[in-house]
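Input: a single structure, listed below in structure tokens.
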Amino acid sequence: MTTDTDTPVGLDREAPPPVRPRRRSRLAPRTVGYLLIAPTVVVLAVVQGYPLVKLALLSVQDLSQRELFSGLPAPFVGLRNYATILGDPDFYLVVARTVVFTVANVALTLVLATALALVMRAASRWCRLLLTVVLVCVWAMPQVVSTLVFNWLFDYEFGVVNWLIGRLPGVDFNGHDWYANAVSGFGVITLIVVWGAIPFVAITLYAGLSQVPRELTEAAVVDGASGRQIFVRITYPILRPIYTIVTVLSVIWDFQVFNQVWVARGGRPEPEYQTLGVYSFVRAFGVNEYSLGAAIAVVTVLLLLIFTVFYIRQSLRTGEAD
Amino acid sequence: MKHRLMAAAALAAVLVGAAGCGTGGTAAGSGPIDTKGDPNASGTLKVWLQVDAQSGWPNAVKAATTSFHRTYPKVKVQVSYQSWTDHLTKLDAALTGSDVPDVVEMGDTETTSYLANGAFRDLTRSTNLFADAAHWNTGLKASCTYAGHVYCVPYYSGSRIVFYRKDMFAKAGISAPPRTLNELMADGAKLNRTYRTDPKFSAFYLPGKFWYSAMSFVLDAGGDIATKKGGRWVGGLDSKAAIRGLTQWKALSDKLSRASKTNDEAHPQQYTVMAAGHVAMMYGLGWEGSSVYADGNGGNPKLKDSIGSFAMPSGSGKDAMQSFAGGSDLAITAKSAHPDWAAAWTAAMTSADNEQLLMKAGNVPNTTTLLKQAAADPTLAPAAASAKDSWMVPIATGWPKVEKSSILQNGLSDIASGKRSVAAACRQMNDQVEQSLNGS
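Quick look at the structure:
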């Protein structure tokens, strides 16, 4: 019935050519499309839209414990909460910390996952199977559980990592406190986050790699291209859409990091460990400034939205240039 | 695609949504509660206790439930144990809904904002239900009273004393426990020499975020956390006395402790560290001494005969260092559907018989009547004595905020690790405390 099947939806920059069915007896395809998408939209609106509206509403109110316990309506305060946040120097520090953390984690995740995906393509069948099983197991591990396990590994009193490093001749790692300074502390947290993020990215990239036509790489080899050249000139351009998606997803996840920081710091993250997600939660639920916390969450959403739109547009532009 | 992002939003929003639905939650009365019992009443009574009860006196919890079942045989009692770190956050979330716990344990420093905001049922006309209410421990009673009304029931109090390894002291040639802070430092140095080959050894285990210990040093040196002057809270942590006290505290931490500067006394539980055998002294709550050698829960039964105790010596010539008047109350939530069951269970948990069980576990009981008995018992005497001379946090509605945002813990951690000077950290803690107490 339709003709526009070649360009994947969402990636086409021009409007699809208008479809003009000869007979108009049935519902227009456009209407059918809306009908088909309606259930998803309804579910999304209820499950995600409603909380978001509530969140925005909360951010312009002043909800305190009293209203919370009694069910009384919270007074509206307009944009006062936003003014408070944006006037707080701590907030910019938290944003900067979050950006640095996100960049480091996303870069590490992408590099390591790409390496793993390439290994998987090159590996023998049983080795690939083993890798896949391991990756899926890691993926299936709940964040809280994996963080607790890492916590024990890096524990101050009883941790096996300190013990192991202490076995090296001449090294005394007894009583080494990994969280004593925020750089080494965030190192451990990065390890936990990247460890948990690799499986999804690696498996997705591997799936993409397996779609790269063998003839192309073989032809390049015949022409004398090095492995690096093949990856940069052939494999990467073909995988670019996939890279765009996993990068955007990784940024969103790492920018929002919460569980790993929260659990690693025993539910009481020090100020130097607060990323945006944690900061918002601490303000909202730690010190019962629910509306301030909501305003911080809204700002976080907006920051991510700006990044996502900008990044996707940018990568589509580069796509056009090729 | 943004489902993670939504999770945080949803969490916040669900709370608000729940708050919107929970209309009429304050309808709970303040009249007398009737606990005469009902053999046919059925349902579930939800009780939130802190983990201390789970590891320290599970027998008392069991006894209370047994006693409760005599009057309400068909009501199921569901006790869930909470950790001090996050129980208030969980409580806030639970109180917004209608499925609330009926009885909750509150630390005596945490109650004020909850009493002021109507979270608990007014028990002023029901105090007759609870044992020996006329002689309630004054500190605990004060923490339950707001604007002349009583909103909770004193449960127990605990003061801190030093637990030490008698065998280690003997090996280091120390014949009697120290009587002054200087003696303690000297004994610690002797212990350090004796056990210098043990890389994990701490003569005195003192984690960097152990704020109850640090504030005792502040009080001992003549300082205070904050005082109310003309309707405003004025912080005292940047005073010369406070800085002197915390400098002594840091010296103890630097010279005698290998504990983590970023941990507190409960993560890991310090008695489990002492049980591991590399610690000669720790500053613990009454019940923690017996937990060191308990069979299970991280205790080490081999140490049964080697744990002794003494009052923390003063650094300024007093008999002993003042201990924090720690303690807990039991409150009935305003939204509880069954205040009668809740009151009956609370009465059973705080009955004189039950308080005896708590005393045996090393706690200071909830009434002065029982405290006199405790003072006569040699094993409890040091704890009972230190309970008489103790300090309390400022009674201000803003105080829970100070605790929830870990102002003192984080400042002290910086002092212990040397990240900041005592004076600089004191100044910042003082500013933050003043800000929290005076509200924004």
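Chains as they are written, first to last, in my numbering: chain C, 23 to 344; chain R, -7 to 432.
Even glycine gets a Cβ: it sits at the ideal position worked out from N, Cα and C.
These figures come from a predicted structure and were not determined experimentally.
Within the same chain, S208, D212, M304, S306 come within 6 Å of M313/R by CB-CB distance, once the 5 residues on both sides are set aside. Note that the C-beta distance between Y148/R and N289/R is not below 8 Å. A323/R sits in a strand when the DSSP states are folded into three classes. Judged by DSSP in its simplified three-state form, W49/R adopts coil rather than helix or strand.
A distance below 6 Å between beta-carbons, with the five flanking residues on each side excluded, links V183/C to the following residues of its chain, in chain order: L175, F176. Considering only D78/R, P31/R, A268/R, the residue with the shortest C-alpha distance to W40/R is D78/R. Look at R171/R here: in three-state DSSP terms it is coil, with no helix or strand label.
Identification of chain R residues near Y295/C by a Cβ-Cβ cut-off of 7 Å yields none; the smallest Cβ-Cβ distance measures about 10 Å. When the five nearest sequence neighbours on each side are left out, the beta carbons in the same chain lying within less than 6 Å of the beta carbon of Q74/R are those of W40, Q42, in order along the chain. At a beta-carbon threshold of 7 Å, the residues of chain R lying near A202/C are K253, T254, S409, ordered along the chain.
In the assembly as shown, P73/C is a buried residue. Its beta-carbon has 16 or more other beta-carbons within 10 Å.
V356/R sits close to G278/R, with the two beta carbons spaced by under 8 Å. In this structure, the CA atom of I214/C is about 7 Å from the CA atom of F172/C. Distance from the Cα of A379/R is smallest, within the candidate group G319/R, G431/R, A415/R, A416/R, for G319/R. Legend: CB atoms of the region 196 to 223 of chain C lying less than 7 Å from CB atoms of chain R belong to residues N196, G197, D199, Y201, A202. Every unbroken stretch of the alpha helix (DSSP H) spanning 4 or more residues and falling wholly within the region 122 to 182 of chain C is given here in chain order: 147 to 162, 165 to 175.
Under the three-state reduction of DSSP output, A123/R falls in the coil class, being neither helix nor strand.
Residue state for K38/R is assigned as strand, using DSSP reduced to three classes.
In chain C, no part has a C-beta under 7 Å from the C-beta of G48/R; the shortest such distance is about 21 Å. With distances taken between CA atoms, Y187/R lies nearest to A164/R out of T172/R, G200/R, E175/R, A164/R.
Per DSSP, the continuous beta strand (DSSP E) segment holding M274/R begins and ends at 273 to 277. Residue contact check for S343/R against chain C: no CB pair falls below 8 Å.
The beta-carbon distance between S167/R and A408/R, rounded to whole angstroms, is 31 Å. This is too long to meet the 8 Å contact definition. Close partners of Y178/C in chain R (Cβ separation under 7 Å): S252, N255. DSSP places S205/R outside any beta strand (DSSP E); the residue lies instead in the alpha helix (DSSP H), whose first and last residues are 203 to 212.
In this structure, the CA atom of N174/R is about 32 Å from the CA atom of W200/C. Taking a beta-carbon distance threshold of 8 Å, L87/R counts as an interface residue toward chain C.
Rounded to whole angstroms, the Cβ separation of V283/C and Y333/C is 24 Å, and the two are not in contact under 8 Å. Residue range 236 to 244 is occupied by the alpha helix (DSSP H) that includes A242/C. Between the region 215 to 223 of chain R and the region 372 to 387 of chain R there are three or more inter-stretch CB-CB distances shorter than 8 Å, so the stretches are counted as touching.
Around the C-beta of N120/R, fewer than 16 other C-beta atoms lie within 10 Å, and the residue is accordingly described as exposed. One thing to note: T239/C has its Cβ no nearer than 8 Å to the Cβ of I260/C.
F91/C belongs to the set of residues whose beta carbon lies under 8 Å from a beta carbon in chain R.
Look at I107/C here: in three-state DSSP terms it is helix. With 16 or more other Cβ atoms from the protein chains shown falling within 10 Å of its own Cβ, G354/R counts as buried.
T77, D78, T81, D84, L87: these are the residues of the region 53 to 87 of chain R whose beta carbon lies less than 7 Å from some beta carbon of chain C, given in chain order.
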